[in-house]
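A.B. asks: For reference, the structure I am asking about is given below.
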Amino acid sequence: MSPRQNTQPPSTTVRHTTLDRVTAFASVVAVLIALWVAWDTSRHNAAALAATDRSLKLSRDALEVQRRANAASLRPHLEVKTELGNPTPGHPNGRLARSTLQNKGLGPAQVRWVHVFLDGEKMPGGFLSALTKIGIPDDAPKKVAAFRDGHPWLSPGEDVLLYEVALDDTSAEAVKSLLTAQREKDRLDIRYCYCSLTGECWMHSKRPYNAGCRADLD
Numbered sequence: 001m002s003p004r005q006n007t008q009p010p011s012t013t014v015r016h017t018t019l020d021r022v023t024a025f026a027s028v029v030a031v032l033i034a035l036w037v038a039w040d041t042s043r044h045n046a047a048a049l050a051a052t053d054r055s056l057k058l059s060r061d062a063l064e065v066q067r068r069a070n071a072a073s074l075r076p077h078l079e080v081k082t083e084l085g086n087p088t089p090g091h092p093n094g095r096l097a098r099s100t101l102q103n104k105g106l107g108p109a110q111v112r113w114v115h116v117f118l119d120g121e122k123m124p125g126g127f128l129s130a131l132t133k134i135g136i137p138d139d140a141p142k143k144v145a146a147f148r149d150g151h152p153w154l155s156p157g158e159d160v161l162l163y164e165v166a167l168d169d170t171s172a173e174a175v176k177s178l179l180t181a182q183r184e185k186d187r188l189d190i191r192y193c194y195c196s197l198t199g200e201c202w203m204h205s206k207r208p209y210n211a212g213c214r215a216d217l218d
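The numbers in this note's numbering rise by one with no breaks, and the one at position 208 of the sequence shown is 208.
Structure (structure tokens):
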């Protein structure tokens, strides 16, 4: 008996091989397309995120600029002003010497504290002690700031009295001593702390001074 012969046509095997190759190629193409789509999508997403980050940064910068502008528009500036007024009534050669703390800034200021130093020494009695040591007669009529009623607010252009002394005809030397002490750096030093509505605080002192100056300071 002769061996069984293969009766399947050769063309069928060729068709199967070609189909397998086409299918494999199509699969590769599909994977490449999927990868490209994923890459392109991520690229666009990254660009969108970068644009969002830039917008947020610009918004933050704009808010910071606005905050600083608002703070600057509300910023106070306090200065001490000392002057001799008109002659004291009944004393043609006398003078009314007074010193005030003035707000020359744009916004209101809260005075947190005022300390008085004479020749580098803090005066425990404030202006009364300083005036006496300068040579102002004890019986000279005086008004001095005590700030016992809390921390006063000063509107722009407003002032608060620090001291006022009515000097008679015989007080020429006392007037000279007072003005000299006020003007000289090493004598009368009025140190003060004040804060704005936004909580910014500043301290003025002719000499280095490590006292705290902040809005929550009592």
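The C-beta atom is built at its ideal place from N, Cα and C for all residues, glycine as well.
Just to confirm my understanding: we take S129, look at its own chain, exclude 5 residues before and 5 after, and list those with CB closer than 7 Å. What are they?
C.D. replies: As a working note, residue 129 is residue 129 in the sequence shown. The answer, listed in chain order, is M123.
A.B. asks: Measure the beta-carbon distance from C201 to Y209 and round it to whole angstroms, keeping in mind my assumption that it falls under 8 Å.
C.D. replies: What you label residue 201 is simply residue 201 of the sequence shown in a count that begins at 1. What you label residue 209 is simply residue 209 of the sequence shown in a count that begins at 1. Actually they are not in contact, since the Cβ atoms of C201 and Y209 sit about 14 Å apart, beyond 8 Å.
A.B. asks: If you draw a straight line from the alpha carbon of L161 to that of H77, how long is it in whole angstroms?
C.D. replies: As a first step, residue 161 is located in the sequence shown; it is residue number 161 there, counting from the start. As a first step, residue 77 is located in the sequence shown; it is residue number 77 there, counting from the start. Approximately 16 Å between the Cα atoms of the pair.
A.B. asks: Indicate whether L101 and V111 have their beta-carbon atoms separated by less than 9 Å.
C.D. replies: To locate residue 101, count along the sequence shown from 1; it is residue 101. To locate residue 111, count along the sequence shown from 1; it is residue 111. Closer than 9 Å, so yes.
A.B. asks: Which residue comes first and which comes last in the alpha helix (DSSP H) that contains I136?
C.D. replies: Taking the first residue of the sequence shown as position 1, residue 136 is located at position 136. It is not in any alpha helix (DSSP H) - I136 carries neither H nor E in the DSSP assignment.
A.B. asks: Going by DSSP in three states, N45 sits in which element: helix, strand or coil?
C.D. replies: Position 45 of the sequence shown, counting from 1, holds the residue named residue 45. Of the three classes helix, strand and coil, the one that applies to N45 here is helix, per DSSP.
A.B. asks: Could you have a look at K57 and say whether DSSP puts it in helix, strand or coil?
C.D. replies: In the sequence shown, residue 57 corresponds to position 57, counting from 1. Reduced to three states, the DSSP call for K57 is helix.
A.B. asks: Straight-line CA distance for G212 to R183?
C.D. replies: Locating residue 212 in the sequence shown gives position 212, counting from the first residue. Locating residue 183 in the sequence shown gives position 183, counting from the first residue. Cα to Cα, the separation comes out at about 25 Å.
A.B. asks: Buried or exposed: where does A181 fall if 16 or more other Cβ atoms within 10 Å of its Cβ makes it buried?
C.D. replies: Numbered from its first residue, the sequence shown carries residue 181 at position 181. Result: buried.
A.B. asks: Report the rounded CA-to-CA distance for I136 versus G120, giving the unit in angstroms.
C.D. replies: Position 136 of the sequence shown, counted from the start, is the residue given in the question as residue 136. Position 120 of the sequence shown, counted from the start, is the residue given in the question as residue 120. So the two alpha carbons sit approximately 19 Å from each other.
A.B. asks: Taking the alpha-carbon positions, what's the H300 to N103 distance?
C.D. replies: Within the shown structure, residues of the chain are numbered from 1 to 218, placing residue 300 beyond reach of any answer.
A.B. asks: Under the three-state reduction of DSSP, which class applies to D40: helix, strand or coil?
C.D. replies: Within the sequence shown, the letter at position 40 stands for residue 40. Looking at D40 - three-state DSSP - the assignment turns out to be helix.
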